[in-house]
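As they're listed, the protein sequences go chains S and E. Okay, so the first sequence: first residue is 1 according to this note's numbering, each after it adds one. Okay, so the second sequence: first residue is 361 according to this note's numbering, each after it adds one. Step one of this worksheet: look at the structure below.
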Amino acid sequence: MSRCAEFVLWFEECDIHSVPRVGGKCASLGELLKAEIPVPPGYAITTDSYWRFIEEAGIKGDILRIVNSVKNDNLDAAEDASAKIRGFIENASISIELEDFIGEYYRCLSNNCNFPAVPSAVRSSATAEDMPDASFAGQQDTFLWIRGIDDILSRVKQCWSSLYTSRAIAYRNKMGYSHDQVGISVAVQKMVKSFTAGVMFTINPATGDISTIAIDANWGFGESVVCGETTPDHFIINKVTFEIIKRNISHKECLFTLNQETHSVEKREIPLEKRDDQCILDTEAVELARIGKLIEKHYGKPMDIEWAIDKDLPQNGQIMILQSRPETVWSQKKNEPVYQPKSSAMDHIVASLIAGKKLS
Amino acid sequence: MSKSKFPSPHEIKTIPGTEGWERMYPYYYQFTTENKERAEYENSTFWFNDALHYPEPLHPFDVIWDEAWFLSLSQYCSKYFKIPPANGVDHRIINGNIYISPVGVADPNEIGARVPLFMERAGYYFENWNSLEEKWKKKMEDIIKELEAMKFDQLPDIEDLARVKRGDGISTGYELLSNYDRLIDLGIRCWQYHFEFLNLGYAAYVTFVDFCTKAFPDIPLQRITQMVGGIDVIMYRPDEELKKLAKLSIELKIDKDVGGSDNLDAVLAKLQKSEGGKKWIQAWDKAKYPWFYISTGTGWYHSDCCWNDDLNIPLNSMRIYIEKLQKGQSIDRPLEKVQADRERITKEYRGLLKTDEDRKTFDQLQGTAKLVFPYVENHLFFVEHWFHSIFWNKVRDVAAIMKSHGIIKDIEDIWFMQRGEIKEALWDLVTAWASVVKPYGAIHWPKEIEWRKGVFKKFKEWKAPEALGTPPEVVTEPFTIVLWGVTNESLRGWLKLREIGDPDKVTEITGFAASPGVAEGIARVCRSVQEINSLKDGEILVSPTTSPSWAPVFQKIKACVTDVGGIMSHAAIVCREYGMPAVVGTGQSTKIIKTGMKIRVNGDTGRIDILR
């Protein structure tokens, strides 16, 4: 029997060095966990799984034959090849042993989340240069609210087959990458059931103050905050001392919640009695800020972060970071000194005395 | 800022029955419409009630310190250091309430011309700060020694023969006049010293504050203060002495005797009987000088007695510590934590600055602010507490002589006379003594003082407007900014309370967020330190202001609210150390909040909710 760790890895076991095996997405999730930044739990199905799959299914030769026949700039041919290859992959079956590895990890994940057949996201995790860009692959092949091992496995195959979209084929041809060298990894990650969610900036977007963290929060999924559907609760927290400097509790009218049948997120009205309630606890706001500070430290720059609080998860571990990207507005401003440099404190004091303090 | 919301100083109506009150105070403190130019100046100027120093109306004598700082603060701005844009602070009085107004330099050319003068003069002080501050301490100790040595004896029926044989050639009557002059002079002189470093200290601090708030618009003021404040400041010393005495009593196993009574005489009588007791009494006596000259108030009022005036006060404060120690609780200030927090916060803020230039400026300004801060915190003990406490009692010695000649009926009546009037009355007294006739003052003053007492009672019931005249757009006077915290927010808060009018309808008061955290609980309004015994564990203290002699209270309460004071006030500093919420400078909490009310104090936002 082969070693399980060749084929599946918890995010905790991934890091920057495992990019070739688990792809950029899973590697960065692993890095975040190492920095003690909580991301939704899950695991990577490694590129070795992919290789073993096409080997065991006996489709490797066919794939390469078809893809290698596509001429560089022939988009129709690429389109055609893609459809054929993806059909092979998605219709082939996974060996029992490989299925066991993937299934066993899924069962563990469900156990850890205290949720049978835990709803998960299945998405491809490209190994950097194989794909036009990571987000391109990611957008195409993210499957949300997937439950049960059978559905998981079929989505995994869809992710594997995304290695052969027409665009990916054309791209590798153009760049001169060899098709027989590229593999793909897949991430299986718990879907966060947001009780409350929102965004967090590790800089005050209103003032540009880098010593504060701004949090916007609403009930339900973060869409309502991201899309500006409602006025969220607003917190300003001191990044140095974690004291809450400002707390604006607003009248929140709508939220986004999960429709259990369609597995889609839909907009609903917030019950009247909850509209004016503070939607995250002070302690949660402070904990979020603490995590925000870690994320900023991890990336070395002010960040724009999507987060959620999932009350299904055990206490002390309910806050989840969904997405972090660099803040762009203030960070792109030129850093002018606060005071023009002067040779002595006295010079500064005189300048400040003369300027005085404006009252209005 | 709306310009017309505060009343004009000339609109204030005399309280019925107090007509003629003006003669209780110096003529130059009056608002006037007599002269058009002066009236216009007064009307176009912004005056605010100096409730920080004077939460209650001033007795005529007590105006002495106001006059003293009127001169001292202003002269250092305009004549001594030439602070480029500031000429000091102008003063007025209405119904015993002091109104002050910063005087700026309007002409930009003049400001420019003053810069090099200021650089040279203030620069010298900053460069030689520590040695000049040492000199200052010596000057203060000398002046206090001289004050302590002053004697005011009753006038004899006949001069001592020895005086004749020495050929002194002067009388006890003359000496009374001369010593009274000297007493007043020492007081004024002490206040000259008071401001020697203070303007510069505040200027350095204000600049650091300004830099920090520009670099970090959301930074709480208390964090800036935390980065420059001292740890082991003199103002804590009296309280530390009490802690030491409490510990000593435990060590000597006499804590039951020391803590057993609220009366010092009873305690001492018991302690005299044992060796340990005697040892403790020695330590107690040693702590009294000078540390028990700490005033129970701010030291600005003659009625602020110090611990040495009533030794039962420190005894009872110390009993709180003994009780805690007996229960095995710690009474030590968390010094290491305070120090570590300070260093971490400074390092982190510095690290957040975006450029090396900023870090250099930060170091320059924080360094200077730290250099000056010990003075800013320590001078209070020397002047307002130590000197004042002795001074008031010397004036009482003078009053005793006046009383024995019938000029006043009671020693405490003297406070209803201005210092100049006392000098006149002493002339009246000594000339009558010399010529063996009756002083006119014995007819004039008792009647006048009775009238003044009636007027003063009405003053106390009068609600002084927080401000008068026209608010300016820019304040450049460093004191106005730091000490009184006159900012847009505080003015807006004052205006809001005025609009509500009826104190029973107020549900929300705002002030300065002085120490973070939120606490909800039962309010206990204490107007003076004598009332603190009524405080129960876990209550929220609401007081006009606090001073170091209130320190033990902070072991019992869970939050603190004061009428006056900025984020550098005593209550603010102590609460930050104990990590309990405080809102200070609220204007009128003691008038609006009543003991027993349920309130919520938010030290993060500076808001107090009255839940009733």
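In this text, a Cβ means the ideal position worked out from N, Cα and C, and glycines have one as well.
>> Please report whether the beta-carbon of I443/E lies at a distance below 8 Å from any beta-carbon of chain S.
In response: Interface residue, yes.
> Going by Cα to Cα distance, which pick from V350/S, I249/S, T230/S, V182/S is closest to F571/E?
Replying inline: Nearest of V350/S, I249/S, T230/S, V182/S to F571/E, Cα basis: V350/S.
>> Under 8 Å, Cβ to Cβ, is there at least one residue of chain B near T241/S?
In response: The structure shown has no chain B; the protein chains it does contain are S and E.
> Are the beta-carbon atoms belonging to K673/E and T656/E less than 8 Å from one another?
Replying inline: Checking the sequence, you will find Ile at residue 673/E rather than Lys. In this structure, the beta-carbon distance from I673/E to T656/E falls below 8 Å.
> How big is the Cα-Cα spacing for R268/S and T706/E?
Replying inline: Rounded to whole angstroms, R268/S to T706/E spans 46 Å at the Cα level.
> Buried or exposed: which applies to G963/E, given that a residue is buried once 16 or more other Cβ atoms fall within 10 Å of its Cβ?
Replying inline: By the Cβ-count criterion, G963/E is buried, with 16 or more other Cβ atoms from all chains shown falling within 10 Å of its own Cβ.
>> So, does the region 469-479 of chain E touch the region 392-408 of chain E, judging by three or more C-beta pairs under 8 Å?
In response: The region 469-479 of chain E is not in contact with the region 392-408 of chain E.
>> Counting only Cβ-Cβ distances shorter than 7 Å, please list the residues of the region 313-341 of chain S near chain E, keeping chain order.
In response: Going along the region 313-341 of chain S in chain order, one finds N335, P337, V338, Y339, P341 with a Cβ nearer than 7 Å to chain E.
> F733/E: buried (16+ other C-beta within 10 angstroms of its C-beta) or exposed?
Replying inline: Answer is buried; the Cβ neighbour count reaches 16.
> In whole angstroms, what is the alpha-carbon distance linking V755/E and I771/E?
Replying inline: Taking the straight line from one Cα to the other gives about 9 Å.
> Ordered along the chain, which non-local residues of its own chain (more than five positions away) have a Cβ less than 7 Å from that of V913/E?
Replying inline: Excluding positions up to five away in sequence, the list reads I892, L895, L901.
> When we look at the beta-carbon of K442/E and count the other beta-carbons within 10 Å, is it buried (16 or more) or exposed?
Replying inline: It counts as buried.
> If you run the structure through DSSP and keep just helix, strand and coil, what is Q726/E?
Replying inline: Helix, per DSSP.
> Considering only the beta carbon of each residue, do V156/S and V122/S sit closer than 8 Å?
Replying inline: Contact flag set, yes.
> From which residue to which residue does the alpha helix (DSSP H) around L605/E run?
Replying inline: Taken as a continuous stretch (DSSP letters only), the alpha helix (DSSP H) holding L605/E covers 597-611.
>> Would M346/S pass as an interface residue toward chain E - the criterion being a Cβ-Cβ separation below 8 Å?
In response: Yes, M346/S lies at the interface with chain E (some Cβ there is under 8 Å from its Cβ).
> Can we say the region 143-159 of chain S touches the region 33-40 of chain S, given the rule of at least three CB pairs closer than 8 Å?
Replying inline: The region 143-159 of chain S, when compared against the region 33-40 of chain S, does not touch it at the 8 Å Cβ threshold.
>> Under 8 Å, Cβ to Cβ, is there at least one residue of chain S near M479/E?
In response: Interface residue, yes.
>> With three or more C-beta pairs closer than 8 Å as the rule, is the region 299-314 of chain S touching the region 99-117 of chain S?
In response: They touch, by the three-pair rule.
>> Between which residues of its own chain and R779/E is the CB-CB distance below 7 Å, once the five residues before and five after are set aside?
In response: These residues qualify, in order along the chain: F421, I424, I544.
> By Cβ distance, which residues of its chain are closer than 8 Å to K297/S, with the 5 residues on each side in sequence left out?
Replying inline: Contacts found: A35.
> Taking C-beta to C-beta, are A794/E and G529/E nearer than 8 Å?
Replying inline: No, the Cβ-Cβ distance between A794/E and G529/E is not below 8 Å.
> Between which two residues does the beta strand (DSSP E) containing I443/E stretch?
Replying inline: Looking at the DSSP string, I443/E is not in any beta strand (DSSP E), and its letter there is neither H nor E.
> Can you tell me where the beta strand (DSSP E) with M175/S in it begins and where it stops?
Replying inline: Unbroken run through M175/S is the alpha helix (DSSP H), 166-175; no beta strand (DSSP E).
> Which residues does DSSP pair with S903/E in a beta bridge?
Replying inline: Its beta-bridge partners are T922/E.
> From this set, F568/E, E508/E, V758/E, D592/E, which residue's C-alpha is nearest R583/E's C-alpha?
Replying inline: The candidate whose alpha carbon is nearest that of R583/E is F568/E.
>> I need the DSSP call for E880/E, collapsed to helix, strand or coil.
In response: Three-state DSSP puts E880/E in a strand.
>> Pairs of beta-carbons, one from the region 450-457 of chain E and one from the region 811-827 of chain E, closer than 8 Å: are there three or more?
In response: The answer is yes - the region 811-827 of chain E touches the region 450-457 of chain E, with three or more Cβ pairs under 8 Å.
> Per the contact definition of three or more C-beta pairs closer than 8 Å, is the region 594-608 of chain E in contact with the region 516-528 of chain E?
Replying inline: The region 516-528 of chain E vs the region 594-608 of chain E: no contact.
> Does I244/S come within less than 8 Å of chain E when only Cβ atoms are used?
Replying inline: It does; some Cβ of chain E falls within 8 Å.
>> Let me check one thing: in DSSP terms, what residues is V156/S bridge-paired to?
In response: Beta-bridge pairing links V156/S to no other residue.
> With a CB to CB cut of under 7 Å and the five nearest residues on each side skipped, what residues in its chain are close to P799/E?
Replying inline: Contacts found: H765, I767, D788, L789, A792.
> Are there 16 or more other CB atoms within 10 angstroms of the CB of V588/E, so buried, or fewer, so exposed?
Replying inline: By the neighbour-count definition (other C-beta atoms within 10 Å, threshold 16), V588/E is a buried residue.
> What does V371/S touch in chain E if you count any residue whose Cβ is under 7 Å from its own?
Replying inline: This structure does not reach residue 371/S, given that chain S is present from 1 up to 360, and the question cannot be answered.
> According to the Cβ coordinates, are G472/E and P445/E closer than 8 Å?
Replying inline: It is not a contact, given that the beta carbons lie outside the stated cut-off.
>> Helix, strand or coil for P462/E? Go by DSSP, reduced to three states.
In response: Residue state, collapsed to three classes: strand.
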